[in-house]
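Chains as they are written, first to last, in the numbering used here: chain Z, 6 to 553; chain U, 2 to 368; chain F, 837 to 1147.
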């Protein structure tokens, strides 16, 4: 604290807390950024990295905590205030107008006249001084992503910022562009500026950062000079292998504890320590199910149908007995809607009666891969075997899975609507809806209710019920419990397990690594469009998806 | 979203109401509420413009429902084209297509009917009559295909293209009635009068009510049944509600569904034109349609895009227009006052919907 | 020969006269659409502007008529903005209602105030003000420079709007709102405010167009005299590729097509079906729409209700 002069610290965040409803996104987080340095902020998805920096940039107001700029305590009411105080931010999703030129984009937000020639000169000047190549007269929409990002950076620099926050800047870039950008960041800091680099790429952080801060579940858990750490240390900090009991929600804590004890034997004590929080028997029962997850899985596979062999607990992949391969992809390549290749020669297989997990950080190509496996998109090359109908539970159920302004009955009827002929079998569908509402415990569900009227969890149960009802041979699910409360999460996980036990080949992507490891029998890590089968071990998977 | 082909940029402001169990009940309630609201708006307007509201309303009632003749020959005859074009608009809007081209499709349907009458003069009358209706509908559908194709292929907003097509249809009619289809004397810009044998039969003797009204009712019921009971109708509704979900969860071919809906919509509007030509005007001329295609948008919206509701609102609008003429004649109230009533009703419905979805959104965000 | 030249000159003169109200309305609509709002209630602002101009000119002269026309156009646009900009209701549905409302309202008021059959009013009109020298130019002289003052105002407004759109920060912000509202918000622009101002400007211009119809052309108010000009203005904006100068040129084309009848009569060509020529600009507009695909043409957020990125 005292080894640096206060004036040397450009930005200091102390005890910043921010809640969204009942979720604590930031829990007394802190960060100190020194002049002339690159400060990497690391953490898993949802660790609070972006939230913290949105607070610093005035996009979010903290519920508690102080923000100091150049040693002066400030209230940053809006991005305009942040910019006037010398703080600029480049967002993960660009805020550019594609139809406009680079100089128009850079000039946007000013007052008075707009002189294209002067604006172009300004862009050229800022870009040259910063060492970025950028054509001021180019239409932004026609530029490659890397150039668009340079445009975003120039936009911030043109406001004379001394602190630049970059949110996952390399996520959208090709490897060569990434390297170039990182070199630029280093040079920019060396010129006396400060840069905050939000990333989940350990290698990037180690390569160019001076300081590293790791956030986990909204808290600052690790702050160190980059020279004093290595990839393993950072991964440990991010993934939290030393259990510190910092988890926010008792639920998460328990599920994690149970995971943490996979190789240990303390699950009984964890169970008892959490028991007191239970609100009623119902929840208590659910909790117990969760806590004894591994044990019961082992028990059921031991006593019931020999579908899945129990994990040995040593982190080795679960070995399934020979079953038919339902989904098989060999060296498939997939492009996204903009034509960018997102899946690059991925190979994988899924057998009947197993849940295969895909572990990946955001934007590694899993979005496209899942849609191809689900038959909602086609690969550009490679060999793919998949059943004619695959159940699909997409992450954004409002956009892709539901007709919010239609009834539950109609939402159930949506399945295979494209192939149906003649009359709608409404009475059969009504019976099916009643069954789904009952079996999947869709609360307050009735056939005539609008899907919009259901809570998120019940909407998800409805979608799951629809996709699972006719016992599909294959099911693809994407972040199935995102945004759901504990009870709904447990129900969704149960449904997935039941589908697996019923013989379905299930592909699961979850950005929550704990959930993935909890449910998956085998795991592939996806990095940069390539799949690697990985032992079902938290550390190994974590490392594979971060720096494979 | 001019250049993003396929899906509408965002949803309609009006939430459709068919296909639900409570649809018909709420339809009755809403129709009643609408009629009351229309009366209240009208009375306020009359008072504001210094008219004798009592006398005006009495005249309105007489003109619309005062006699058997008023009901059949004024109100219902006016309701037929409004209902058919209203069905056209409702069907398109249900599929998420903003077809404001019913006016042009209607004109093309009527013009085709007039053309067939000229060409098929020698054929047996029933065959000609049926052909006029069928081909008139087909022509309306074909006119809509242009807009549908422009939307699918080039991502052209159908709002803009259908407005252009309305003008084109209007000039097409203008040219036809001065050129190829002009009456033999070549004096007036209108087509030859349709021979009696080719008139749509009158349904009730002594009135002007033609069998088109039965056709209209049958089509409204048919469209309602089709939307509710068939896979094709369900696909259309699903695409209109959420095209992305219909494509992903339902594996629905969105482009094909949109094309079908657009054609069906155009065909209904084209039929409206052919029915009006063979049942009421018996001739084609410049202002053949007093804006039926535009009023149809109001008819469809106020019916909340419900096919049976369209029948109700079309009768309501037919009555308003019939009554308005009587009101003008007997109480000196300008008949265009009903346009104000119609517009106010649309705005009230839009405001109510907006308010509803806002409070729904608020409720969602607090849970 | 002489009659041919006279006919051509007369045709051009008529074209400019017809084009003036179209260009005024389309220029306003162009600005509105660049801000992402398509206003098919423009017709309503035109007809209300026409009635407003009629009433005010009868009381206080032609100048007051133009002012009142613009004000009436703005009032109608305010209702449209209340629903579309503030409530984010559907622009097409609201626009349809506004048009219906205005046609009904003007008809009702006119007949109530001026009698059941609308006895023709005599109101002051504005005459042609030839520009000395320029109006003597051959062929185009009278066409371009022997017009009422409002046409000259248009000559100034077109480049002014073009300049404002491309060369001011406010114009830049407006274009950003019409293209990518989230980007505009991120840059500190307030989209609702920008859209409100754009819609009101379009209302004023449409009102002026209505006033021009009455005060510079018809000399009286006729029910429904806007005659679809609000919709034509939308076509003109498309054909003009959402650029003020293009809009002016497209308006001339539409004006020209509408004046062909005059030309044909002057030339003694009785049998040419001029309706087909009237249709040509609309056909061209459709072709432009189809041809514009894949290239930057319409504002990307045109007609959208949502201001967030998700819309």
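Glycine residues also receive a C-beta, built at the ideal position from the N, C-alpha and C atoms.
- Apart from the 5 residues on each side of it in sequence, residue 130/U sits with its Cβ closer than 6 Å to the Cβ of 199 in its chain, given in chain order.
- Relative to the Cα of residue 1012/F, the nearest Cα in the group 1030/F, 995/F, 998/F and 962/F belongs to 1030/F.
- Residues of the region 73–106 of chain Z that bring their beta carbon within less than 9 Å of a beta carbon in chain F comprise 83, 84, 85, 88, 96, 98, 99, 100, 101, 102, 103, 104 and 105, in sequence order.
- Within a 10 Å sphere around the beta-carbon of residue 1026/F sit fewer than 16 other beta-carbons, which makes this residue exposed.
- Around the Cβ of residue 191/U, a 10 Å sphere holds 16 or more other Cβ atoms; the residue is buried.
- Counting along the chain, the unbroken alpha helix (DSSP H) around residue 1122/F starts and ends at 1110–1127.
- When DSSP states are grouped into helix, strand and coil, residue 233/U belongs to the helix group.
- As the crow flies, the alpha-carbon of residue 231/Z is around 15 Å from that of residue 48/Z.
- Secondary structure within the region 275–346 of chain U: the alpha helix (DSSP H) runs of 4 or more consecutive residues, fully enclosed, are 293–303 and 308–332 (chain order).
- Here residue 313/U is buried: its Cβ has 16 or more other Cβ atoms, across all protein chains shown, within 10 Å.
- Rounded to whole angstroms, the gap between the alpha carbons of residue 1085/F and residue 878/F is 20 Å.
- In the DSSP assignment, the residues bridged to residue 78/Z are 73/Z.
- DSSP places residue 914/F inside the alpha helix (DSSP H), whose first and last residues are 898–917.
- Closest by C-alpha distance to residue 940/F, out of 352/U, 358/U and 345/U, is 345/U.
- Flagged as an interface residue toward chain U: residue 405/Z, by a C-beta distance shorter than 7 Å.
- Residue 114/Z carries a coil assignment under DSSP once its states are collapsed to helix, strand and coil.
- Taking a C-beta cut-off of 9 Å against chain U, the contacting residues of the region 380–397 of chain Z are 380, 381, 394 and 397, listed in chain order.
- Under the 10 Å beta carbon count, residue 98/Z is surrounded by fewer than 16 other beta carbons and is classified as exposed.
- Judged by their CB atoms, residue 1083/F and residue 866/F are nearer to each other than the 7 Å cut-off.
- When DSSP states are grouped into helix, strand and coil, residue 120/U belongs to the helix group.
- Put simply, of 358/Z, 502/Z, 467/Z and 500/Z the residue whose alpha carbon is nearest the alpha carbon of residue 509/Z is 358/Z.
- For residue 112/Z, the neighbours in chain F by C-beta distance under 8 Å run, in chain order, 1005 and 1008.
- Annotation: residue 294/U to residue 270/U spans about 8 Å, alpha carbon to alpha carbon.
- In the DSSP assignment, residue 937/F falls within the unbroken alpha helix (DSSP H) covering 927–950.
- When rounded, the separation of the alpha-carbon atoms in residue 51/U and residue 42/U is 14 Å.
- Between residue 153/U and residue 978/F, the alpha-carbon positions lie close to 46 Å from each other.
- Closer than 9 Å at the C-beta level to chain Z, one finds these residues of the region 1015–1026 of chain F: 1015, 1016, 1018, 1019, 1020, 1021, 1022, 1023, 1024 and 1025.
- As summarised for the region 149–214 of chain Z, the continuous alpha helix (DSSP H) elements at least 4 residues long and confined to that stretch are 150–162, 180–195 and 207–213, given in chain order.
- For residue 175/U, the enclosing alpha helix (DSSP H) has its first and last residue at 159–177.
- Beta-bridge partners assigned by DSSP to residue 362/Z: 513/Z and 528/Z.
- Residue 102/Z places its beta carbon 7 Å or farther from that of residue 128/Z.
- Counting along the chain, residue 429/Z sits inside no beta strand (DSSP E), nor does DSSP assign it H or E at all.
- If you draw a straight line from the Cα of residue 148/U to the Cα of residue 1016/F, it is about 26 Å long.
- The straight-line gap separating the alpha-carbon atoms of residue 84/U and residue 288/U is approximately 19 Å.
- Look at residue 894/F: its C-beta is not under 7 Å from any C-beta on chain U.
- Between residue 81/U and residue 213/U, the gap from beta carbon to beta carbon is short of 7 Å.
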